[in-house]
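Engineer: If you want my numbering, it's the position in the sequence shown, counting the first as 1, plus 320.
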Amino acid sequence: MSGCRRLFAVVGVVALVVSGWVAAPVGSVGAAPVSFWVDSPLDEPDSDPGNGVCATTSGVCTLRAAVQEGKAQGGEFVVEIEPGVDPVVGADALQAGYRLVGNGATVTTSSLWGVNNEPMVVEDVVFPDKVGVGGSGYFGPSPMFEARGVTFSDFETDRASVVLEGTWVGSYAQDGGTASLTGGSSLPGGVTIENGGLSLVDSTVRGNLTLDSSGSLQAMTRSTVEGWLNFWAVTDVTIENSTMGALSVDSGGGVISVVSSTIAPVGVVASAVAPAGTVSLAGSVVAGAEGSACTYGELGSTAVVVSAGWNVATDNSCNLTATGDQPDTDPLLGPLADNGGFTQTRLPVTGSPVQNAIPVGTPELCDGAIPTDQRGVARPQGSGCDVGSVEIVQGPVSPPTAPVDVTAAPGDGEIHVSWSEPLSDGGSPITSYTVSVEPGGHTTSVDDDVFEATIGGLTNGTEYVASVVAANSEGDGPAASSAPVTPQALPGQPTEVFVDPAVTVVHVAWSPPTEGGPVDHYVVDVQPGDHLVEVAADVLSTTVTGLETGVDYTVSVSAGNEVGVGSPFTVGPVLTGFSDVPADQQFFGDIAWVADNGIAMGYDDGTYRPTVPVSRQAMAAFLWRLVGEPEPGFDVPPFSDVPIGSPFATAIAWAAEEGITTGYPDGTFRPTDPITRQAMAAFLWRLAGEPSPTTGAPSFPDVPPGSPFFLPVTWMAQQGITTGFADGTFRPADLVSRQAMAAFLRRYHDEVLDPG
């Protein structure tokens, strides 16, 4: 560990967070929650929960280990899965409240049970097996479980308030931001809620949605349930802008308000609405496939359907007698399909009686209270609003409007273009997008469900602008353009890397690349343990902290720019620590401190030699490094035995200039002589400015008043830099060992240079 002696600046660890779903913040505003990055699909536990590092005995971060570490840390934490990693974990692995960001990962597990009163948020994850969620207190002010952009094959919860947002349950697959049916005509999967509550937002459930016992629907907005929606009405509930196959309500005391929604079976069922309590219909469609549209029967005399007006039903069973109601009327609905928006809907066909049936200005139905339909289409489109969850687009078909949010990112000889769909498709589905890049006329086309493209064959250093055009059956719409971007090559490899390992840190320095593209940052990666540090392009050294002693580490340095990170220059393995200073050695902490801060180095054979006496030249070097290696006012040391070019010449010249040492009367410094404890005290005392000890300062019988070293030694004792020996002596003539010197230097720093 010889050679590099400078104190390196510590740079924070790079945190890369990528998520496909825009999530609401977890918890209150304040310090960011602790994050863990899962890089392994294995089901292995954390090797040391509570140490702040997610790592198994094999050095990887598994999903189980990340949750264990987060729980051990306490408070909020985030677990993010590296793209391409698909963990398989046991049923007990994912308990407790936290935020899980999947980045599209498939997580094979059977249970998220054990949430209790710790809120849990899951984003952008696929669960191929049935998943259960449990907890308590579902009537509390906030949900116990939230799923955003998640795909479930089957879902069940007990004693938990649940929110599903942008989520699919059953055999659906995300396709261009919508849901598409991938199975046959059967309806597998579904959701079961026992003793809990459920809120659905922009979500699809394929199969029956059943809430048993005291299970309660708390809200449903812009969502589709392909099968039965069956639940207890524990409290008042609003279903708005949603589509379901059938609605079955058990008694529970609450009123179910169905507003601007469509209840129409996919298959053959006896009825569309079967209430045991009270169901209020407003601006909604009820289509029974067979038998009565609304069925009461043995459900009891308390069962009632109340009309708030402007409903359409296939028969007269729903008590539709309010203003605007159309009982015994076929709504003429098309099949459940992708008609735009985030969830599937049933689009009314030509001639449907739902079209323009609700006059503009009708309170809470066509007065701006519900400004869009389930798909996001503005209401109204014509002379009035349509009944049900779908507002039919009116007027002649036109080309779509321009795509929005067109962005371009530079690559090496290419640019990557992305965009969002237009605000309007012009009344006809979008069929394709055309991406062009100027100058040069580079062009490519992609399908309607693709929102990104890469254009290659470009010239690095040339500025380009990308444009995107959407097309439908009527032709191309207007173009939307990106800001100018300039492709460039990746940076080359740093030309050399120097690594100086200490005890719990490594000091790293490097030279910049001599080829490749421009550099705007460097990334230093120390393995094992994923210790990452990023520094700016004008910084050519750093210190990586948080390492373990006695470990062989590999150090890589890469140059990066806007395009990405170039190939690394790798050094290693390099061993931290000293072979003759184990972790349980008395002075381990002091030796680690001086080594990690570049004050005292080891030897080329990997030892520190703690009991070897400190030489006078080493003492001068220790103090010089301790105060930041200042440059002396003169280059020539004032001693005959310290010539120019001596390894310690600068440090000794500085010590002489500062009056820390005066050498001997014969004009020598005697650099290799070992230093005594009293001389060491004098050096430190002079470095501090020769302060006077206060009255009552501790003293030693072998350093009496009148001794040439009484003031320095007494001052050191007063500052707590030395306590002497157990027999009360200081032993001033004894030599100072390297391990004792480490302790003196650390105490001097803590008590004099940086107290408190």
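Where a beta carbon is used, it is the ideal one built from N, C-alpha and C, also for glycine.
With three or more C-beta pairs closer than 8 Å as the rule, is the segment 937-951 touching the segment 849-856?
Structural biologist: no
Engineer: Count the C-beta pairs between the segment 538-545 and the segment 659-674 that are closer than 8 Å, then say yes if the count reaches three, no if not.
Structural biologist: yes
Engineer: For the 8 Å Cβ check, are there 3 or more pairs between the segment 821-830 and the segment 793-809?
Structural biologist: no
Engineer: Please report the straight-line C-alpha distance between threonine 824 and aspartate 359, rounded to a whole angstrom.
Structural biologist: Translated into positions along the sequence shown, residue 824 becomes position 504. Translated into positions along the sequence shown, residue 359 becomes position 39. Going by the C-alpha atoms only, they are around 24 Å apart.
Engineer: Based on Cα-Cα distance, which residue from Glu546, Gly909, Ser612 and Thr615 lies nearest to threonine 582?
Structural biologist: Sequence index remark: in the sequence shown, residue 582 carries index 262 (1-based). Selected option, being the one with the closest Cα: Glu546.
Engineer: Can you give the Cα-Cα distance for threonine 721 and glutamate 794, rounded to whole angstroms?
Structural biologist: Residue 721 sits at position 401 when you count from the first residue of the sequence shown. Residue 794 sits at position 474 when you count from the first residue of the sequence shown. For threonine 721 and glutamate 794, the distance between alpha carbons rounds to 12 Å.
Engineer: If you follow the alpha helix (DSSP H) that tyrosine 1068 is in, where does it begin and where does it stop?
Structural biologist: The residue labelled residue 1068 in the question sits at position 748 within the sequence shown. From DSSP, the alpha helix (DSSP H) with tyrosine 1068 extends over 1058-1068.
Engineer: Please report the straight-line C-alpha distance between tyrosine 928 and phenylalanine 818, rounded to a whole angstrom.
Structural biologist: Mapped onto the sequence shown, residue 928 falls at position 608. Mapped onto the sequence shown, residue 818 falls at position 498. Computed Cα separation, rounded: 20 Å.
Engineer: Measure the alpha-carbon distance for aspartate 1007 versus glycine 866 and round it to whole angstroms.
Structural biologist: Indexing the sequence shown from 1 puts residue 1007 at position 687. Indexing the sequence shown from 1 puts residue 866 at position 546. A small correction: the amino acid at residue 1007 is leucine; aspartate does not occupy that position in the sequence shown. Whole-angstrom Cα-Cα distance: 31 Å.
Engineer: When we look at the beta-carbon of glutamine 906 and count the other beta-carbons within 10 Å, is it buried (16 or more) or exposed?
Structural biologist: Position 586 of the sequence shown, counted from the first residue, corresponds to residue 906. Classification of glutamine 906: exposed, given that the 10 Å Cβ count is below 16.
Engineer: Give the DSSP-derived three-state secondary structure of threonine 1034 in the structure shown.
Structural biologist: Reading the sequence shown from its first residue, position 714 is the one you call residue 1034. Secondary structure at threonine 1034: helix, using DSSP grouped into helix, strand and coil.
Engineer: Please report the distance separating the alpha-carbon of glutamate 783 from that of valine 770.
Structural biologist: Within the sequence shown, numbered from 1, the residue matching residue 783 stands at position 463. Within the sequence shown, numbered from 1, the residue matching residue 770 stands at position 450. Cα to Cα, the separation comes out at about 25 Å.
Engineer: Compute the minimum distance between the beta carbon of alanine 602 and the heavy atoms of the ligand ZN, and state whether it is under 7 Å.
Structural biologist: This structure does not include the ligand ZN; it has no bound ligands of any sort.
Engineer: Going by C-alpha distance, which of Val380, Asp368 and Ala352 is nearest arginine 419?
Structural biologist: Indexing the sequence shown from 1 puts residue 419 at position 99. Checked all of Val380, Asp368 and Ala352; the closest Cα to arginine 419 is Ala352.
Engineer: Assuming serine 738 contacts glutamate 772 (C-beta within less than 8 Å), just tell me the rounded distance between them.
Structural biologist: Numbered from its first residue, the sequence shown carries residue 738 at position 418. Numbered from its first residue, the sequence shown carries residue 772 at position 452. At roughly 4 Å, the Cβ-Cβ gap stays under 8 Å, so serine 738 and glutamate 772 are in contact.
Engineer: Quick one: residues in its chain with C-beta nearer than 6 Å to the C-beta of proline 1090, no 5 flanking neighbours on either side, listed in chain order?
Structural biologist: Since the first residue shown for the chain is 321 and the last is 1076, residue 1090 is missing from the structure and cannot be characterised.
Engineer: Mind checking which residues open and close the beta strand (DSSP E) that includes tryptophan 299?
Structural biologist: Since the first residue of the chain shown is 321 and the last is 1076, residue 299 is not available in this structure.
Engineer: For methionine 564, which of helix, strand or coil comes out of DSSP?
Structural biologist: Here the question's residue 564 lines up with position 244 in the sequence shown. Reduced to three states, the DSSP call for methionine 564 is strand.
Engineer: How should glutamate 1084 be labelled, buried or exposed, when 16 other C-beta atoms within 10 angstroms of its C-beta is the threshold for buried?
Structural biologist: The requested residue 1084 does not occur in the structure, where the chain is confined to residues 321 to 1076.
Engineer: Given a threshold of 16 other Cβ atoms within 10 Å of its Cβ, counted over all protein chains shown, does isoleucine 964 qualify as buried or as exposed?
Structural biologist: Position 644 of the sequence shown, counted from the first residue, corresponds to residue 964. With fewer than 16 other Cβ atoms within 10 Å, it is exposed.
Engineer: Please classify leucine 852: does DSSP put it in a helix, a strand, or coil?
Structural biologist: By 1-based counting over the sequence shown, the position of residue 852 is 532. Reduced to three states, the DSSP call for leucine 852 is strand.
Engineer: Assign valine 1056 to one of two classes, buried (16 or more other C-beta atoms within 10 Å of its C-beta) or exposed (fewer than that).
Structural biologist: The residue you call residue 1056 lines up with position 736 of the sequence shown. Buried, because 16 or more other Cβ atoms sit within 10 Å of the Cβ of valine 1056.
Engineer: In this structure, does DSSP put glutamine 388 in helix, strand or coil?
Structural biologist: Looking up residue 388 in the sequence shown gives position 68. Note: glutamine 388 maps to helix in three-state DSSP.
Engineer: Which ranges does the beta strand (DSSP E) cover as unbroken runs of at least 3 residues, wholly within the segment 965-1007, from first to last along the chain?
Structural biologist: none
Engineer: Between which residues of its own chain and proline 742 is the CB-CB distance below 8 Å, once the five residues before and five after are set aside?
Structural biologist: Stepping through the sequence shown from its first residue, residue 742 is reached at position 422. Pro720, Thr721, Ala722, Pro723, Val724, Ile750, Ala790 and Gly797.
Engineer: What number of angstroms, rounded off, separates the C-alpha of aspartate 1070 from the C-alpha of alanine 915?
Structural biologist: If you number the sequence shown from 1, residue 1070 lands on position 750. If you number the sequence shown from 1, residue 915 lands on position 595. In a straight line, the C-alpha of aspartate 1070 is about 16 Å away from that of alanine 915.
Engineer: Label threonine 502 either buried or exposed according to how many other C-beta atoms from any shown protein chain fall within 10 Å of its C-beta, with 16 as the threshold for buried.
Structural biologist: Along the sequence shown, one-based indexing puts residue 502 at 182. Model confidence at threonine 502 stands at a pLDDT of 27, short of 50, so the residue's coordinates are unreliable; what they give is reported in the following sentence. Threonine 502 comes out exposed.
Engineer: Quick one: measure Cβ to Cβ for threonine 890 and serine 935, integer angstroms, because I've assumed they're closer than 8 Å.
Structural biologist: Residue 890 sits at position 570 when you count from the first residue of the sequence shown. Residue 935 sits at position 615 when you count from the first residue of the sequence shown. In this structure, threonine 890 and serine 935 do not form a Cβ contact; the two beta carbons are roughly 36 Å apart against a cut-off of 8 Å.
Engineer: Secondary structure at isoleucine 678, three-state DSSP: helix, strand or coil?
Structural biologist: The residue given as residue 678 occupies position 358 in the sequence shown. Here isoleucine 678 sits in strand by DSSP.
Engineer: So the candidates are Val846, Ser709 and Asp706; which of them puts its Cα closest to the Cα of threonine 896?
Structural biologist: If you number the sequence shown from 1, residue 896 lands on position 576. In terms of CA proximity to threonine 896, Val846 leads the group Val846, Ser709 and Asp706.
Engineer: So tryptophan 913 is in the alpha helix (DSSP H); what residue range does that whole segment cover?
Structural biologist: As a working mapping, residue 913 is identified with position 593 in the sequence shown. First-last of the alpha helix (DSSP H) with tryptophan 913: 908-916.
Engineer: Leaving out five residues on either side along the sequence, give the residues of the same chain with a beta carbon under 6 Å from the beta carbon of proline 1018.
Structural biologist: Residue 1018 sits at position 698 when you count from the first residue of the sequence shown. Ala1037, listed in sequence order.
Engineer: So if DSSP puts proline 952 in a beta bridge, which residue, or which two residues, is it bridged to?
Structural biologist: Counted from its first residue, the sequence shown places residue 952 at position 632. Answer by DSSP bridge pairing: none, since proline 952 is not bridged.
Engineer: When you compare the CB positions of tryptophan 1035 and proline 1013, do they come within less than 8 Å of one another, or not?
Structural biologist: By one-based count along the sequence shown, residue 1035 stands at place 715. By one-based count along the sequence shown, residue 1013 stands at place 693. In contact: tryptophan 1035 and proline 1013 (Cβ atoms closer than 8 Å).
Engineer: Identify which residue in Cys374, Pro369 and Pro833 has its Cα closest to the Cα of aspartate 850.
Structural biologist: Taking the sequence shown and counting its residues from 1, the one referred to as residue 850 is at position 530. Taking aspartate 850 as reference, the option from Cys374, Pro369 and Pro833 with the minimal CA-CA separation is Cys374.
Engineer: Smallest Cα separation from proline 950: which of Ala938, Thr970 and Pro957?
Structural biologist: Taking the first residue of the sequence shown as 1, we reach residue 950 at position 630. Per the Cα distances, Thr970.
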